[in-house]
DNA sequence: CGTTCCATGTAAAACGTTACATGATTCT
DNA sequence: AGAATCATGTAACGTTTTACATGGAACG
């Protein structure tokens with residue numbers, strides 16, 4: 005079975021909104037979707053060349069003072085991108101280390117697990133704050149016009165992290181209640 | 005930088021609760037943690053041999069009618085397992101295809117995204133029902149005694165899937181409201 | 001006696017990160 | 001001038017899935 009080749013479509017999806025360099029693409033993922041998607045340079049640059057070879061994008065000369073190599077999506081690229089977009093998504097393969105540890109922990113590990121949960125909670129509180137700040141900034145920007153679809157990914161970040169945070173607190177409460185600490 | 009070698013610890017964590025075969029290990033992950041962790045045979049069997057070579061587990065002859073090869077964790081295995089358990093977790097690398105698609109979608113893709121969200125919602129409703137059923141079964145089983153830590157992973161499944169479900173509904177509502185459908 | 005499930009295993013390919021190398025531009 | 005950031009790229013390594021191969025046990 006052919007693998008999903010997500011890196012190809014991720015890049016195509018970014019340059020579908022306008023010419024971008026490899027550096028731009030990385031930046032865009034890190035700025036907005038870092039909690040749910042990331043691409044490393046080690047994948048981006050080789051994939052851009054492959055995309056060009058297959059005729060899904062072509063280089064454009066930039067009038068930037070930097071020597072950026074911008075790529076513009078071609079009509080063929082648009083076609084395969086929209087095709088991919090409408091296909092059902094593949095099941096996610098999460099590998100959540102914290103969940104694994106809790107799953108395999110025994111009663112004697114309650115203390116260690118509590119420590120992990122505490123630092124997770126701290127981390128989540130920070131991240132939720134960052135996302136909410138981003139949200140209020142974005143809402144000001146779009147106060148009358150329709151917000152773009154990527155706003156939905158921001159909303160997802162808030163929903164999912166708040167849920168994880170509530171779970172963390174519940175779990176800490178449960179473990180403390182056992183008196184095994 | 006040394007990579008985290010999670011497969012090793014995942015396996016060690018399972019056999020820490022009693023002798024298991026490669027097949028058992030797979031089954032246990034699929035039964036309880038499938039949404040947050042999975043291991044394929046292509047990793048499990050070679051890793052079991054490596055674990056044996058390193059002295060973290062040893063084979064035990066089974067009195068099972070099947071020709072299972074059970075592995076039992078050694079004291080050294082226990083040690084490295086508990087050590088790993090107490091270390092801080094590495095950041096997760098989610099790669100959430102649905103989020104990616106929504107992030108890179110343009111206004112003209114609203115219809116395609118709505119279809120994806122609708123089938124995601126369906127899927128989530130099924131999964132939440134399954135988990136809640138599992139939860140009530142487990143709660144009966146442990147009605148007086150303290151529930152094991154893996155119950156927390158079940159709770160996480162419910163929390164996170166319900167959050168994703170609520171987000172799905174919110175997103176569908178938003179996209180419909182735009183009149184772009 | 002055939003089908004289904006149990007059970008172990010390997011090889012190849014695909015995927016993804018990390019570390020390194022290189023050099024230009026911008027800012028202080 | 002020096003530091004920080006921008007920018008492209010590659011090689012090595014580690015991780016993970018997929019496809020294939022093999023055969024025994026249970027069940028109707």
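Residue numbers (our numbering), protein chains in the order written: chain A, 5 to 185; chain B, 5 to 185. By construction, the Cβ of each residue, glycine as well, lies at the ideal position given by its N, Cα and C atoms.
- Where residue 49 of chain B is concerned, the enclosing alpha helix (DSSP H) starts and stops at 45-57.
- Rounded to whole angstroms, residue 153 of chain B and residue 167 of chain B show a C-alpha spacing of 22 Å.
- Ranking A/50, A/101, A/161 by CA distance to the CA of residue 136 of chain A puts A/161 first.
- If you check each beta-carbon in the segment 164-178 of chain A against every beta-carbon of chain B, the ones closer than 8 Å belong to 164, 166, 167, 168, 170, 171, 174, 175, 178.
- For residue 74 of chain A, the uninterrupted beta strand (DSSP E) segment begins and ends at 73-77.
- Closest in C-alpha terms to residue 86 of chain B, from the list A/43, A/18, A/108, comes A/108.
- Rounded to the nearest angstrom, the gap between the Cα atoms of residue 15 of chain A and residue 74 of chain B is 45 Å.
- In this structure residue 100 of chain A is in contact with residue 41 of chain B, their Cβ atoms being roughly 7 Å apart against a cut-off of 8 Å.
- Look at residue 79 of chain A: its C-beta is not under 8 Å from any C-beta on chain B.
- If you look at residue 108 of chain B, you'll find it in the alpha helix (DSSP H) that goes 101-108.
- The continuous alpha helix (DSSP H) containing residue 35 of chain B extends over residues 26-36.
- A direct Cα-to-Cα measurement between residue 174 of chain B and residue 78 of chain B gives close to 51 Å.
- Going by DSSP, residue 61 of chain B is part of no alpha helix (DSSP H) but of the beta strand (DSSP E) stretching over 61-65.
- Close to residue 50 of chain A, with beta-carbon spacing below 8 Å, lies no residue of chain B; the smallest spacing is near 18 Å.
- Residue state for residue 85 of chain A is assigned as helix, using DSSP reduced to three classes.
- Ranking B/127, B/147, B/67, B/94 by CA distance to the CA of residue 94 of chain A puts B/127 first.
- Excluding the 5 residues flanking it on each side, residue 182 of chain B has same chain C-beta neighbours closer than 7 Å at 114, in chain order.
- Judged by DSSP in its simplified three-state form, residue 132 of chain B adopts helix.
- The beta carbon of residue 45 of chain B sits no closer than 8 Å to any beta carbon of chain A.
- Among the CB atoms of chain A, one or more fall inside 8 Å of the CB of residue 108 of chain B.
- Using a Cβ distance threshold of 8 Å, residue 105 of chain B and residue 89 of chain A count as a contacting pair.
- In the three-state scheme derived from DSSP, where H, G and I count as helix and E and B as strand, residue 126 of chain B is classed as helix.
- Contact annotation: residue 142 of chain B and residue 158 of chain B have beta-carbon atoms nearer than 8 Å.
- Following the DSSP letters along the chain, one finds residue 10 of chain B inside the alpha helix (DSSP H) bounded by residues 10-19.
- Per DSSP, residue 164 of chain B is one residue of the alpha helix (DSSP H) stretching across 154-181.
- Looking at A/151, A/165, A/123, the one whose alpha-carbon comes closest to that of residue 134 of chain A is A/165.
- The straight-line gap separating the alpha-carbon atoms of residue 71 of chain B and residue 63 of chain B is approximately 13 Å.
- With respect to the 8 Å criterion, residue 49 of chain A and residue 81 of chain A are not classified as neighbours on the basis of their beta carbons.
- At a cut-off of 8 Å, the C-beta of residue 142 of chain A has no neighbouring C-beta in chain B.
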